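Read the structure below first, then the notes.
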Amino acid sequence: MLAEDYIKQKTPNWERLTALLDKSKLSGLASLSAEEITELGRLYRSATSDLAVARRDFAQHRVTIYLNGLVARAHAAVYQTRSARSNAIWKFITTSFPQAFRDTWPYTLASFLMFFIPAIVSFALAYTNPIEASSIMPGLDSALNDIRNDREWWLSINSSGRAQSASFIMTNNIRVAILAFAGGILLGTLTLYTLVQNGLMVGVLAGAAQSYGFAGKLWGFMAAHGVIELSVIFIAGGAGLQLGWAIIRPGLLTRRAALAAAAQRAMILLLGCIPLLVIAGTIEGFVSPSSLPIGVKLAVALGSGVILYSYLILSGRKPSAQQ
Numbered sequence: 435m436l437a438e439d440y441i442k443q444k445t446p447n448w449e450r451l452t453a454l455l456d457k458s459k460l461s462g463l464a465s466l467s468a469e470e471i472t473e474l475g476r477l478y479r480s481a482t483s484d485l486a487v488a489r490r491d492f493a494q495h496r497v498t499i500y501l502n503g504l505v506a507r508a509h510a511a512v513y514q515t516r517s518a519r520s521n522a523i524w525k526f527i528t529t530s531f532p533q534a535f536r537d538t539w540p541y542t543l544a545s546f547l548m549f550f551i552p553a554i555v556s557f558a559l560a561y562t563n564p565i566e567a568s569s570i571m572p573g574l575d576s577a578l579n580d581i582r583n584d585r586e587w588w589l590s591i592n593s594s595g596r597a598q599s600a601s602f603i604m605t606n607n608i609r610v611a612i613l614a615f616a617g618g619i620l621l622g623t624l625t626l627y628t629l630v631q632n633g634l635m636v637g638v639l640a641g642a643a644q645s646y647g648f649a650g651k652l653w654g655f656m657a658a659h660g661v662i663e664l665s666v667i668f669i670a671g672g673a674g675l676q677l678g679w680a681i682i683r684p685g686l687l688t689r690r691a692a693l694a695a696a697a698q699r700a701m702i703l704l705l706g707c708i709p710l711l712v713i714a715g716t717i718e719g720f721v722s723p724s725s726l727p728i729g730v731k732l733a734v735a736l737g738s739g740v741i742l743y744s745y746l747i748l749s750g751r752k753p754s755a756q757q
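Here you go:
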């Protein structure tokens, strides 16, 4: 193929790539739509291939110089943006999320109390009257029957089914966290309902287990994943309470402005919770139902708690100013 024919065939793609690069020049890839970003990637790969052909067949032609410049420009746009995105993700993990947790800890504490108080009450009721435990929190008949009959239901999850179980648990935990978060829009009422419901459920199961002498086995199952899982639910619940409080008490701001500011902080918390729930779901799917000694599971619980709260409390702190 002659160089002129090759140029005529490929020029529309090169011109389109140039147009996309020009469009993204001021604001980066943020100025492109999702379809345009996909198209940019495809055209960049195509131009890279075209450059290889040009170097092989038309090494001395000006088209090779042109393609060198075009590919270099496209490479910078694509990979500098990727680097910036990686830096933003790293900053979010190491600074933004733990800082948001520390800035909003009173809401997380309130979320914890909305879970803990119903859990204590339902524990006491189920412990003193385990026969009627299902009336406190309907829908737990199967689990309560297993507790009553000393059946460790989690052992029925065989090794081949644990990946599927972990996937289901992750999805369910993320759903609960999102529900606790989004419930803040309804003045926090749905957040309150979600936290109280989960507190009642845990309290009923724990109280019945204590009454029937099953507590050691139940806590052996719940401990490994429970520290991270419950912590995340409290954080997500706290994020939801921020939304509700911004609507109820916007302060000097309009309700819309107060809600927007609260939503920005709350969204950071929710996004930070999702990978933690994936970790908790993995532990719950693989470690918790395993036949590992209870000491190992408790060590996982302790270790995960120390790591999680060291991260949330210490990560991203600015160095103290030197006196």
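Throughout, the numbering used here is defined as the position within the sequence shown, counted from one, plus 434. Just so you know, even glycine gets a beta-carbon here, dropped at the ideal spot from N, CA and C. The model shown is predicted, which means the values in this text are computed figures rather than measured ones.
Where residue i falls: helix, strand or coil (DSSP)
i	result
Gly671	helix
Thr452	helix
Leu474	helix
Arg609	helix
Gln757	With a pLDDT of 41 at Gln757, under the threshold of 50, the modelled position of this residue cannot be trusted; read the value that follows with caution. Three-state DSSP puts Gln757 in coil, outside helix and strand.
Gly751	Note that residue 751 is Arg in the sequence shown here, rather than Gly. Three-state result, Arg751: coil.
Asp584	coil
Thr538	coil
Gly650	helix
Pro564	helix
Gly492	The sequence shown places Phe at residue 492, rather than the Gly named in the question. Phe492 falls in the coil class under three-state DSSP.
Ser744	helix
Exposure of residue i, with buried meaning 16 or more beta-carbon neighbours within 10 Å
i	result
Ala453	exposed
Tyr561	buried
Gly737	exposed
Gly719	buried
Asn382	No answer is possible for residue 382: it lies beyond the span of the chain, which begins at 435 and ends at 757.
Ala468	exposed
Thr628	buried
Gly650	exposed
Trp587	exposed
Ala611	buried
Gly573	exposed
Gln756	With a pLDDT of only 46 at Gln756, under 50, the local geometry of the prediction cannot be trusted, and no value is derived from it.
Ser725	exposed
Glu566	exposed
CA-to-CA distance, residue j to residue i, given in whole angstroms
i	j	result
Ile706	Ala614	Note that residue 706 is Gly in the sequence shown here, rather than Ile. Distance between the alpha carbons of Gly706 and Ala614 is about 14 angstroms.
Ala695	Gly674	13 angstroms
Ile728	His659	13 angstroms
Leu748	Leu589	37 angstroms
Pro564	Trp679	37 angstroms
Asp439	Ala510	29 angstroms
Gly475	Val512	8 angstroms
Trp524	Leu746	15 angstroms
Arg380	Asp456	No answer is possible for residue 380: the residues shown for the chain start at 435 and end at 757.
Gly739	Leu466	42 angstroms
Thr529	Tyr743	14 angstroms
Ala640	Leu547	17 angstroms
Gly647	Met635	18 angstroms
Leu578	Pro723	18 angstroms
Ser556	Asp575	15 angstroms
Gln494	Arg450	25 angstroms
Ala534	Ala700	8 angstroms
Ala616	Ala697	10 angstroms
Lys459	Ala714	42 angstroms
Leu559	Val721	30 angstroms
Pair within 8 angstroms by beta-carbon distance, residue i and residue j
i	j	result
Phe668	Thr538	no
Lys805	Ala643	An answer regarding residue 805 cannot be provided, because it is not within the stretch 435 to 757 covered by the chain.
Leu477	Asn502	no
Ala437	Val505	no
Val734	Ile717	yes
Phe550	Gly633	yes
Gly637	Ile554	yes
Gly394	Pro532	Only positions 435 to 757 of the chain appear in the structure, and residue 394 is not among them; the question remains open.
Min CB distance residue i to chain B below 8 angstroms
i	result
Ala616	Absent from the structure is chain B; it holds one protein chain and no more.
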